[in-house]
Amino acid sequence: MFDSLNLSLVDWSRVQFALTAMYHWLFVPLTLGLSFIIAFIETKYYRTGDEEWKKLTKFWMRIFGVNFAIGVATGLILEFEFGTNWSNYSWFVGDIFGAPLAIEGIMAFFMETIFIAVMFFGWEKVSKRFHLLSTWLTAIGSSLSALWILVANAWMQNPVGMRFNPDTVRNEMIDFWAVLFSPTAISKFTHTLLSSFVLASIFVVGVSAWYLLKNRHIIESKRSMKIASVFGLIAIVLTIYTGDTSARDVASTQPMKFAAMEAHFVGRNGAPLKAFGITRDVEGALRNMDKDPMLMSIELPGVLSFLTDYHFDSFVPGIKDLLYGNENKNIISVFDKIERGYIAQQSLLDYKKAIKEGDFTQSDFLRTQFEDRNWTNKYFKYFGYGSYFSEDKAVQSENVFKVVPPISISFYTFHIMVFLGLWFMVLFIVILFLLKKDILQKYRWILWAALFTIPLSYIASESGWVISEVGRQPWIIQDLMTTSQAVTHIETYPVMLTCMLFALIFTALLVADIKIIINQIKIGIEPKAKKIEPKTTKSSIESKSKINKKED
Amino acid sequence: MNKFLKLYIDGIRNMPQWGRTVWIIIFIKLLIFFVVMKLLFFPNILNKYQNDKEKSDYVIEHICQPKK
Numbered sequence: 025m026f027d028s029l030n031l032s033l034v035d036w037s038r039v040q041f042a043l044t045a046m047y048h049w050l051f052v053p054l055t056l057g058l059s060f061i062i063a064f065i066e067t068k069y070y071r072t073g074d075e076e077w078k079k080l081t082k083f084w085m086r087i088f089g090v091n092f093a094i095g096v097a098t099g100l101i102l103e104f105e106f107g108t109n110w111s112n113y114s115w116f117v118g119d120i121f122g123a124p125l126a127i128e129g130i131m132a133f134f135m136e137t138i139f140i141a142v143m144f145f146g147w148e149k150v151s152k153r154f155h156l157l158s159t160w161l162t163a164i165g166s167s168l169s170a171l172w173i174l175v176a177n178a179w180m181q182n183p184v185g186m187r188f189n190p191d192t193v194r195n196e197m198i199d200f201w202a203v204l205f206s207p208t209a210i211s212k213f214t215h216t217l218l219s220s221f222v223l224a225s226i227f228v229v230g231v232s233a234w235y236l237l238k239n240r241h242i243i244e245s246k247r248s249m250k251i252a253s254v255f256g257l258i259a260i261v262l263t264i265y266t267g268d269t270s271a272r273d274v275a276s277t278q279p280m281k282f283a284a285m286e287a288h289f290v291g292r293n294g295a296p297l298k299a300f301g302i303t304r305d306v307e308g309a310l311r312n313m314d315k316d317p318m319l320m321s322i323e324l325p326g327v328l329s330f331l332t333d334y335h336f337d338s339f340v341p342g343i344k345d346l347l348y349g350n351e352n353k354n355i356i357s358v359f360d361k362i363e364r365g366y367i368a369q370q371s372l373l374d375y376k377k378a379i380k381e382g383d384f385t386q387s388d389f390l391r392t393q394f395e396d397r398n399w400t401n402k403y404f405k406y407f408g409y410g411s412y413f414s415e416d417k418a419v420q421s422e423n424v425f426k427v428v429p430p431i432s433i434s435f436y437t438f439h440i441m442v443f444l445g446l447w448f449m450v451l452f453i454v455i456l457f458l459l460k461k462d463i464l465q466k467y468r469w470i471l472w473a474a475l476f477t478i479p480l481s482y483i484a485s486e487s488g489w490v491i492s493e494v495g496r497q498p499w500i501i502q503d504l505m506t507t508s509q510a511v512t513h514i515e516t517y518p519v520m521l522t523c524m525l526f527a528l529i530f531t532a533l534l535v536a537d538i539k540i541i542i543n544q545i546k547i548g549i550e551p552k553a554k555k556i557e558p559k560t561t562k563s564s565i566e567s568k569s570k571i572n573k574k575e576d
Numbered sequence: 089m090n091k092f093l094k095l096y097i098d099g100i101r102n103m104p105q106w107g108r109t110v111w112i113i114i115f116i117k118l119l120i121f122f123v124v125m126k127l128l129f130f131p132n133i134l135n136k137y138q139n140d141k142e143k144s145d146y147v148i149e150h151i152c153q154p155k156k
């Protein structure tokens, strides 16, 4: 069945979702981070009473407003797509995905709508204190609404806190706190939020650098840069820390993704970290483990082992161990997982058949299996692998390679993200140092570097999501469901059509966003008041000439 | 509530030109998303089934390998 599935449907559905998600993520991080920077700047205004801080607050609010408004509802398209293109997935995850998304929507609507109104329209209408409070609550509300979608995504990567109901063929949440506080959810939320703070800080620093290059708004720009650099430096240090925690979580819960992003093919004790490398013929290396998948690499001995569990000599499984199994390390092969997953799937089919035929003895027996923790840990845990089963074991042996995510994409995007993160940290440190010495403007090349780091921050941000979502392939829910199982069996052409429509619409929105923001930046921190020219009429000309004659 | 609504109304009334442009973009975007896209291109496939049993039967057919 899965062999005959139109793979172009799966691929177009994936492209459509990836396109929508990546466009959505172009707007969100700036909203999340800039809201806090604005709150800090307005706090300075509140504490000092200096009107220049107020002007600065209003300027960054204009930028925030444009980005927020154009980004609003871009995420809703993703929810439409769940129902249309991923209906099997939507059904299978039950209320585990739906509940966090609903909370996100409600929270975002109420908190942001109410407090954003005060933030934008409440100047001089509410007290300074209440206005400041609204600004802070907008920032906190945005972050809290992001929490829920990230919790939902974390569950896809590491499904916990649920029980499978064979009657409804749905997963039911039995432990909300296990879902909310799973290590994957905590590391994903903190890392994603902090990286958004970094992006926004880079943005503010870059725009301020442009003003300094143009010798405009010098004092205001330095003020913005100082706040953004401090915020950004703290955020990037914590991003690196949470990134490390996140990677350790991935090594534990998604070892294949971890091995792919590190291009770690053969497991060993004292595994080296590939600080840099160029891959070659990874497909060939998968089938011939003696082949070197790297054209070149710079390795740090023992560091991968240390990063994984704080011991330089610990064993880190490679792609080979995860594919073919490693008895010494209690790693079962993908071939065995496929057999177990198939048993789980057939048990579900047998259960449904027994219900239909009124064979309650058989149905009761099979139902207890799905409630038995030992059975579910041994068989249901690998439910998704069952879709690679084949009576022809040569075909099944070939299917084994389908559980390996795209290695080169995972490896490169991971390393791009890490290297750019290190650059951001260096940039913040350098800028803070030069600001303290008040010699920043002498180093124009640093200002240019800051400006050009703005697009780099977006590349790093998107790269993180690419690793997260490409690295988990072929799984849509780790080990339980593949993207092929999840996709709705519809015609391919509407998916292609909407994909192209989205590309068009989102590009238009992005161009509008960039144009309006650039325009606002060019206008400057305080928009000039329009000069009102007096109207020239016949009577005013006659009056003027009479006055001139009198003066003569 | 009235004060809050007044805030919005006053704010929108006194909005600068760039703000009006942004609101027009939002309006067009939401129209396209919710009217054009949702209605024309995003039917929920499972809604054509009457009850949960039919929906679960549909899903099970697509997520399990058939018996050989």
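Order-wise, the sequence lines are chains C and Y.
Going by the working numbering, the first residue of the first sequence is number 25, and it counts up by one from there.
Going by the working numbering, the first residue of the second sequence is number 89, and it counts up by one from there.
All residues carry an ideal CB built from backbone N, CA and C; glycine is no exception.
Every value quoted in this text rests on a predicted model; they were computed, and no experiment measured them.
Check	Outcome
Enumerate, from N- to C-terminal direction, the unbroken alpha helix (DSSP H) stretches of 4 or more residues contained entirely within the segment 308–343 of chain C.	327–333
Alpha carbons only, please: which of C:V290, C:Q386, C:K426 is nearest the one belonging to Y409 of chain C?	C:K426
Which whole-angstrom value describes the C-beta separation of I65 of chain C and T81 of chain C, a residue pair presumed to lie in contact below a C-beta threshold of 8 Å?	5 Å
With I120 of chain Y as the anchor, note down where its beta strand (DSSP E) starts and where it stops.	From DSSP, I120 of chain Y is part of no beta strand (DSSP E); its letter is neither H nor E.
Does any residue of chain C have a CB that is nearer than 8 Å to the CB of G99 of chain Y?	yes
Say whether chain C places a C-beta atom closer than 8 Å to the C-beta of L119 of chain Y.	no
Where does T303 of chain C sit, in a helix, a strand or coil, going by DSSP?	strand
Report the residue from C:R391, C:W110, C:I260, C:M318 whose alpha carbon sits nearest the alpha carbon of S481 of chain C.	C:I260
Put M505 of chain C into one of helix, strand or coil per three-state DSSP.	strand
Out of curiosity, what's the CA-to-CA distance linking M584 of chain C and L458 of chain C?	Coverage of chain C is limited to positions 25 through 576, which leaves residue 584 of chain C absent and any answer about it impossible.
Counting Cβ pairs closer than 8 Å, one from the segment 258–276 of chain C and one from the segment 210–217 of chain C, do we hit at least three?	yes
Ends of the alpha helix (DSSP H) at M85 of chain C?	75–95
Going straight from the alpha carbon of D383 of chain C to that of F205 of chain C, what length do you get?	41 Å
Using a Cβ cut-off of 7 Å, pull out every chain C residue sitting near L134 of chain Y, in sequence order please.	S111, W115
Could you name the residues of the same chain whose beta carbon sits closer than 7 Å to that of K554 of chain C, not counting the 5 residues immediately before and after it, in chain order?	At K554 of chain C, the pLDDT of 46 sits below 50, so the modelled position is not reliable and the matter cannot be decided from this model.
In three-state DSSP terms, what is F92 of chain Y?	helix
Give a yes or no on whether 8 Å exceeds the smallest Cβ distance from H513 of chain C to chain Y.	yes
How many angstroms separate the CA atom of I190 of chain C from the CA atom of R391 of chain C?	According to the sequence as given, residue 190 of chain C is Pro; it is not Ile. If I take the Cα positions, the gap works out to 7 Å.
Going by C-alpha to C-alpha distance, which of C:M285, C:W469, C:I322 sits closest to H439 of chain C?	C:M285
What does DSSP give as the partner residue(s) for W49 of chain C in the beta ladder?	For W49 of chain C, which the question treats as bridged, DSSP gives no partner whatsoever.
List the residues of chain C whose Cβ lies closer than 8 Å to the Cβ of M110 of chain Y, in chain order.	Checking the displayed sequence, the identity of residue 110 of chain Y turns out to be Val instead of Met. Going along chain C in sequence order, the residues near V110 of chain Y (Cβ under 8 Å) are G89, V90, A93, I94, I540.
Just to make sure I have the definition right: I need the residues of chain Y whose C-beta is within less than 8 Å of the C-beta of S492 of chain C. Which are they?	Result: empty, since nearest Cβ-Cβ is about 23 Å, beyond 8 Å.
Using a Cβ-Cβ cutoff of less than 8 Å, which residues in the same chain neighbour Y467 of chain C once the five nearest sequence positions on both sides are dropped?	L458
Helix, strand or coil, according to DSSP, for Q105 of chain Y in the structure here?	helix
In its own chain, which residues sit with a C-beta less than 7 Å from the C-beta of I62 of chain C, not counting the 5 before and 5 after it?	T81, W84, M85, F88, T159
Excluding five sequence neighbours on each side, which residues of the same chain lie with their C-beta closer than 7 Å to the C-beta of G445 of chain C?	I260, T263, I264, A484
Identify the continuous beta strand (DSSP E) that holds E196 of chain C and give its terminal residues.	194–197
Taking only beta-carbon atoms, is V142 of chain C less than 8 Å away from chain Y?	yes
For the segment 507–520 of chain C against the segment 101–113 of chain C, are there 3 or more C-beta pairs whose distance is under 8 Å?	yes
Does the beta-carbon of P104 of chain Y have 16 or more other beta-carbons within 10 angstroms, so that it is buried, or is it exposed?	exposed
Find the nearest neighbour of A42 of chain C within the set C:E103, C:L56, C:K78, judged by alpha-carbon distance.	C:E103
List the whole-angstrom C-beta distance separating G342 of chain C from V290 of chain C, where the pair is believed to meet the contact cut-off of C-beta under 8 Å.	4 Å
In chain C, which residues lie less than 7 Å from Q153 of chain Y when you measure between Cβ atoms?	M25, Y366, Q369, G410, S411, F413
So M249 of chain C is in the alpha helix (DSSP H); what residue range does that whole segment cover?	242–277
Can you pull the chain Y neighbours of A97 of chain C, defined as C-beta to C-beta under 9 Å?	I114, K117, L118, F121, F122
What are the start and end residues of the beta strand (DSSP E) that includes N398 of chain C?	Segment 397–402 is the alpha helix (DSSP H) holding N398 of chain C; no beta strand (DSSP E) there.
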